[in-house]
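Going by the working numbering, the sequence shown opens with residue 391, and the numbers climb by one from there. Glycine included, every Cβ here is placed at the ideal spot set by N, Cα and C. Structure first, commentary second.
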Amino acid sequence: MTAVPNMRELGRKVRNWGRWGADDERGTTNLITPERVAAAAGLVRTGEVFDLGIPLDSDGPQPGGFRNNPIRLMAENGQEQVFPGGFKYADDYIFMPLQAGSQYDSLAHVYYDEQLYNGHPSSGVTVKGADKCGIHTQAKGIAGRGVLLDVAKYRGVDWLEAGTVIGPEELDAVAAAQNVQVGAGDIVLIRTGWRAKFVAEGDAAGFMAGEPGLGLGCATWLREHDVAVVGSDNWGVEVAPGENPDALMELHMVLIRDMGMTLAEMLDLEELSAACAADGTYEFFYTGAPLKFTRGVGSPINPLAIR
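Shown next, in the form of structure tokens:
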């Protein structure tokens with residue numbers, strides 16, 4: 391059995407602080423250069439578009455408490471309106487945590503030892519939001535070469551069980567089986583089948599109680615491949631319960647705080663998985679812009695894979 395790395399030692403080894411300048415707030419999305427975006431555009435061959443976002447409604451996986459599913463209220467529906475010429479209109483509001491559905495974590499979302507990514511002080515995260523590393527720093531969008539690593543299909547299961555650790559050796563094995571290579575600036579999506587389990591069972595509490603996901607050792611793999619963004623169909627990318635019973639969300643801390651990596655969570659990869667399996671092509675053009683919430687520490691997204 392592979393030993394679990396020490397989180398702080400691992401963080402120092404994979405740290406990207408200063409790599410893009412002392413003032414950088416974007417982290418690994420700097421790896422998505424204009425040249426790489428242009429090259430990724432060449433992956434569009436059929437024009438098929440796959441929606442990777444989950445519906446923003448009351449049937450989502452958030453069981454309440456810390457985070458709730460989105461609540462949408464109508465402000466106007468046209469009733470009792472009297473305007474010249476018969477004009478009517480409808481307006482609505484949305485109330486939701488910015489991380490209630492398919493989402494990005496900003497680089498201000500997770501930290502330890504009082505420092506954010508690139509050494510920015512965590513004291514800058516106040517009731518007003520994050521003065522450094524907020525989600526608005528990714529406002530130009532995240533677009534480039536996407537790669538699906540379908541771990542559930544590789545294992546021959548509908549979904550992995552909660553607590554199942556995906557290690558770097560398995561990521562290599564899945565990539566080899568799919569005949570796809572992961573390179574610098576890629577947006578790598580990990581399919582565990584956890585979204586499919588929720589759709590099949592409708593158990594929000596069960597969905598959030600644990601999950602299969604990446605182990606702490608995958609941080610080195612992501613750093614060696616210079617991955618720009620990592621996402622998954624589970625709620626936190628990493629395995630839960632975690633490998634260290636005395637710590638919480640250690641991979642989050644290393645990826646976000648040390649590496650400066652944006653995470654995409656709660657994606658729906660089922661339709662994309664079927665299409666990739668059908669023709670054996672696991673690369674595509676990915677685009678998914680966050681909403682431009684100034685000083686926000688996360689944002690809902692509706693990411694697309696275009697093939």
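Taking the Cα positions, residue 692 is about 33 angstroms away from residue 402. Contact annotation, residue 662 with residue 628: C-beta distance approximately 21 angstroms; criterion of less than 8 angstroms not satisfied. Assigned with DSSP and collapsed to three states, residue 488 falls in coil, not helix or strand.
The continuous beta strand (DSSP E) containing residue 464 extends over residues 461-466. For residue 465, the CB contacts under 7 angstroms within the same chain, skipping 5 residues up- and downstream, are 481, 482, 483 in chain order. Excluding the 5 residues flanking it on each side, residue 595 has same chain C-beta neighbours closer than 7 angstroms at 453, in chain order. By DSSP's assignment, residue 581 forms a beta bridge with 540. For residue 681, same chain residues with a beta-carbon under 6 angstroms away, outside a window of 5 residues either side, are 689 in chain order. Scanning its chain for C-beta atoms nearer than 7 angstroms, with the 5 sequence neighbours on each side dropped, one finds around residue 522 the residues 415, 498, 506, 510, 514, in chain order. Note: residue 481 is bridge-paired with 466 in the DSSP secondary-structure output. Looking only at 525, 562, 493, the smallest Cα-Cα distance to residue 541 is reached by 562. In the structure shown, the three-state DSSP call for residue 415 is coil. Taking C-beta atoms as the reference points, residue 644 and residue 418 fail to come closer than 8 angstroms. Taking every protein chain shown into account, the CB of residue 624 has 16 or more other CB atoms within 10 angstroms, so this residue is buried. Taking residue 488 as reference, the option from 543, 695, 697, 686 with the minimal CA-CA separation is 686. Residue 551 and residue 495 have their C-alpha atoms some 24 angstroms from each other. Beta bridge pairing from DSSP links residue 676 with 534, 695.
Residue range 439-441 is occupied by the beta strand (DSSP E) that includes residue 441. Just measuring C-alpha positions, the residue of 653, 579, 469, 678 sitting nearest residue 538 is 579. Annotation for residue 610: the continuous alpha helix (DSSP H) segment containing it runs 608-614.
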